[in-house]
Amino acid sequence: MSSRIPSPKPTESTPLISTQHTNTTTHDPHKPLIPPLSRVLFTSWLLGLTFAFTQTSLVYAFRVMTCEEYYKTHSWTGTRDRCALPIIEARAARSLAIMSTTTTTCTIINLFLTGFWIKKFGPKAAMFQQTAWAALRNLTQIYAQTIGGSTGVMFIQLSQSFNLIGSSGGYQLAGNAFIAHLALAEERTKLFGVLQGCILLGSSVGYIIGGTVYRYFGQLAPFQVTFCLLVFCTIFGRFFLPYVSPDGNHHPSSVQALEKKKRSFLAPLALFLPRRKMIDGKKRWDINLTLLGLGGFFSVLATGYVPMALQLVGTNAFGFLPDQSGVMLSLTLLVKAFFLSLCFPRIIALGRAYFSPSHQLLPPPERSSDDRPDSPLEAEEPNVTSAPQVDTARTPTDRAHGAEFDLHFLRWSIFSDGCLTACVTASTQGWHLFLAAAVLPFASGTGSAIKGVTLDFVAPEERSDALGAIALIEKLATVSTIGVFGTIFGALSEVGRPTLVFAANAAVAMIAFLLLMFVRFPKETPIALA
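Under full-length UniProt numbering, think of the first position of the sequence shown as 1, with each following residue one higher.
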């Protein structure tokens, strides 16, 4: 006699599809072998490696071509390195500055174009488009070095215009868009950190391998390998990355929001402007997103120059050679990748667990038809969005998922970063800088945290715009920090106190901390603006 308990008879209220889990070993043919988020993280790591592969070789290429041009009209009679002349180094530095300016300007424009591309065609198309155009840029750089001299320098500078349609900033924005669409609401902040950690780990590996390839196979070898990697990444991303439908295929909360998105190319910037919302029956201004944007700008302004300052102080004050600076930079990237990939997610999880218990008794909101998965792929992958989860972006004051902790972490992360950076001012020996390079990354979660917090303030249809706006703010801050602190460092070096630049960095970090202290989660959602 069978001991199996008979099933109850079906009634009118019995669901047509059972929601109970069944014990079966049958393989689900619809479940992908590799989860979508894992594919995104691996692709981001590979792209980080690829884009960093030629960084050190490109700087040296400028020196070589400038040296070639100089000796077209001069002769060399010495015995040491004939390119080690102040005039050659100065010309190479000016050429690099022009290239950097072109690269940064084109990358900023690319962020707008990538944001539009994500909304129009989805993050997958935006991701592998970046690598396709970068491959053409790399091919141009190979050709430029075969020409050499001032013509080669000019070709490389012009090749940076490819950053308009394919840049490292663009693929990082596309990666963040994947996280925003695929991750559960309570997992987003952690995964932003993991994504950044994967990119940094890839960059660190790229620096090391690229330099090794240059040493053993010649000047053009790193560029030739990078071209092959970019072509591979383009094909790889086309077939390997998960498909996520573009934002334009979703049903936004209002027709006005959709129309605004269609007609406004600069929509990302508008998200950080003050908004009107209903509070106690009255329309009042909400500046929380504005304060978040300013806090993000000043945090990057404070920390963006620190790696460069470490290298410059090491070279000017402690006599570091290029290989020592390279090791120090790789150390910083490796430790930062370790922190963001492993430590940061655990800190967020533990912090949210501490903040959440007092809100566990609240009944979960009902799942509406708008809370369906963003794409068929998400419905296939139970580890991504198939579970009945509610998106906290629709309820920004829902602290059960620990969004309040993300805001606290954001504030105190930049505060800790400022304090640690100020301590570097007391450096008196070279090993102090190596110690700073190993310790400072443990306060580097600010960028990932600000993405997670910002997405808790905006509606789902505004996520791509929000990520694009954050990327744009970070890029503008990066450009500003080079000019501002480059000038400060030069002035401090003239008076023999170059390490004081770290104190200036710390002061700006405290400005970011003070701005973020006034951010509060809104009690009401913003009203639609005409």
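Positions of the beta carbon are idealized from the N, C-alpha and C atoms, including for glycine. If you're wondering where the values come from, they're calculated on a predicted model, not measured in any experiment.
Inclusion of A509 and G418 in the CB contact set at 8 Å is warranted, their separation being smaller than that value.
If you check the CB distance, A438 and F502 do not come in under 8 Å. Annotation for A183: L191 place their beta carbon closer than 6 Å to its own, counting only its chain and skipping 5 residues before and after. Put simply, the backbone Cα of L476 is about 10 Å away from that of T107.
Around G211, the same chain offers T56 as residues with beta carbons nearer than 6 Å, after the five sequence neighbours per side are excluded. Scanning V484, A174 and T499 for the CA closest to the CA of L433 turns up T499. For R91, no pairing in a beta bridge is given by DSSP.
Annotation for W285: the continuous beta strand (DSSP E) segment containing it runs K282 to D286.
DSSP places K475 inside the alpha helix (DSSP H), whose first and last residues are R463 to E494. Burial state of D456 is buried, judged by a 10 Å Cβ sphere holding 16 or more other Cβ atoms. A straight line joining the alpha-carbon of A512 with that of A403 spans about 20 Å. In this structure, P307 keeps its C-beta atom at 8 Å or more from the C-beta atom of I287. Comparing C-alpha distances from A132 to each of R352, F51, G486 and I482 shows the shortest one belongs to F51.
Our two residues, P460 and I147, have alpha carbons roughly 50 Å apart in a direct line. Only residues of its own chain outside the window of five on either side were considered, and among them L49 have a CB closer than 7 Å to the CB of V205, listed in chain order. Secondary structure of I165 (DSSP, three-state): coil. Going by beta carbons, F409 and I470 fall outside the 8 Å limit.
Inclusion of G115 and D465 in the CB contact set at 8 Å is warranted, their separation being smaller than that value. For Q145, the enclosing alpha helix (DSSP H) has its first and last residue at P123 to I147. In this structure, the beta-carbon distance from T102 to P222 does not fall below 8 Å.
Ranked by Cα distance from H181, the first of F155, Q224 and P123 is P123. Note that the C-beta distance between S330 and I208 is below 8 Å. A straight line joining the alpha-carbon of P441 with that of K119 spans about 33 Å.
Looking at L220, F121 and M154, the one whose alpha-carbon comes closest to that of I142 is L220. In this structure, T66 sits near I88, with a CB-CB distance shorter than 8 Å. Following the DSSP letters along the chain, one finds R215 inside the alpha helix (DSSP H) bounded by residues R188 to F217. Here S168 is buried. Its C-beta has 16 or more other C-beta atoms within 10 Å.
The three-state reading of DSSP puts H74 in coil, since its state is none of H, G, I, E or B. Judged by DSSP secondary structure, P345 falls within the alpha helix (DSSP H) whose first and last residues are F344 to F355. F178 carries a helical assignment under DSSP once its states are collapsed to helix, strand and coil.
Bounds of the alpha helix (DSSP H) holding R411 are A403 to C423. Between L340 and G445, the CB-CB gap stays under 8 Å.
Measuring C-alpha to C-alpha distances from Q224 to each of V153, T140 and F355 identifies T140 as the nearest. Note that the stretch 152-168 does not touch the stretch 73-80; fewer than 3 beta-carbon pairs, one per stretch, sit closer than 8 Å.
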